[in-house]
Structure formats: C-alpha cells, structure tokens
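See below for the structure under consideration.
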Amino acid sequence: NRSSLTNTLRGITNEEKLNNLWVKMQITVNSIFDSSLDNRSGARVAKGIRQVIEKKEGLLRMYMMGKRVNYAVTPDNVHELRQLILNEPDVHPGGNFVELEDETIRRLLPNNLSKRTAVAKL
Numbered sequence: 006n007r008s009s010l011t012n013t014l015r016g017i018t019n020e021e022k023l024n025n026l027w028v029k030m031q032i033t034v035n036s037i038f039d040s041s042l043d044n045r046s047g048a049r050v051a052k053g054i055r056q057v058i059e060k061k062e063g064l065l066r067m068y069m070m071g072k073r074v075n076y077a078v079t080p081d082n083v084h085e086l087r088q089l090i091l092n093e094p095d096v097h098p099g100g101n102f103v104e105l106e107d108e109t110i111r112r113l114l115p116n117n118l119s120k121r122t123a124v125a126k127l
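Here the sequence shown is numbered in the working numbering, starting from 6 and rising by one per residue.
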C-alpha cells in the first residue's frame, strides 16, 4: 500500500519524490491565498483569499473599509459640533437637525435651549 503511493510520485529517488511533493503542496497552499499564482494550465482554480478580499464586491471593500461620512464626530471637533447644535437656526453656523448613532434624525427646535443642550450632550 505504501509502496504503491510512493510509486505514483514523480522522481527517481525518495529525495526527488519528497521535493516534488513539497513543491506541489506549496503551489496548492499558495493558490488558496492567491489563485493567480496557480499556473497549472487548463486547471479550474477556485478564487483565492486575495481575490475574495480585493475585488470591488469583495469582503474588505464591502464590509471592512471605512465608509465615507459627512460631518464625522471626532475628539478634535466634538466641541465645535456641540456648539453648532446649541446655536439657533438663525445663528450662522447653526443646526436644524442632528443624526444620532442609531441613524435617526432629530429635529432641533428653535428657542428651546434646554432640549438643544440635552442633544448636545449625547
């Protein structure tokens, strides 16, 4: 049984057979990560991890890369954005609406400083 397996491997000596098997295994592992590295002609190759991540509809671009946001709140601008909430709509720059973390939009009523202050503290 063992001898039939070693007879199917390419190479004359056991060293050659082991080396050929090692190279074949390395090509297979490489193609799991990047299928473009698999240069076996005519072989149908599944997408590699790199192809899944890098393509336009890939995992990285669809779910993991940062999305473009307008008016992102950061530690650098939080004080300025709170002041925009406190300003009346007639005061430039002032806000009429604020979008909360859960993506709900809350209208900021003019002449209601207590509610504007409460929203600014969120």
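Glycine included, every Cβ here is placed at the ideal spot set by N, Cα and C.
Rounded distance between the beta-carbons of residue j and residue i, thought under 8 Å
| i | j | result |
| --- | --- | --- |
| Leu113 | Val124 | 7 Å |
| Asp39 | Arg15 | Contact flag wrong, Cβ pair sits at about 25 Å. |
| Leu89 | Pro98 | 6 Å |
Residue range of the unbroken beta strand (DSSP E) whose run includes residue i
| i | result |
| --- | --- |
| Val103 | Phe102 to Glu104 |
| Arg111 | Ile110 to Arg112 |
Euclidean distance between Cα positions of residue i and residue j
| i | j | result |
| --- | --- | --- |
| Leu158 | Asp81 | Only positions 6 to 127 of the chain appear in this structure, which leaves residue 158 out of reach. |
| Met30 | Lys52 | 17 Å |
Extent of the continuous alpha helix (DSSP H) to which residue i belongs
| i | result |
| --- | --- |
| Leu14 | Looking at the DSSP string, Leu14 is not in any alpha helix (DSSP H), and its letter there is neither H nor E. |
| Lys60 | Lys60 -> no alpha helix (DSSP H), and no H or E assigned at all. |
| His84 | Val83 to Leu91 |
| Leu131 | Here the chain has residues from 6 to 127 only, and residue 131 is not among them. |
Residue from the options whose Cα sits closest to the Cα of residue i
| i | options | result |
| --- | --- | --- |
| Ser119 | Val96, Leu91, Pro98 and Arg111 | Leu91 |
| Ser41 | Glu59, Gly100 and Ile17 | Glu59 |
| Asp107 | Val34, Ile17, Leu127 and Thr18 | Leu127 |
Burial state of residue i (16 or more Cβ within 10 Å)
| i | result |
| --- | --- |
| Ser36 | buried |
| Arg111 | exposed |
Residue i: CB within 8 Å of a non-hydrogen atom of the ligand FMN
| i | result |
| --- | --- |
| Leu86 | The ligand FMN is not part of this structure, which contains no ligands at all. |
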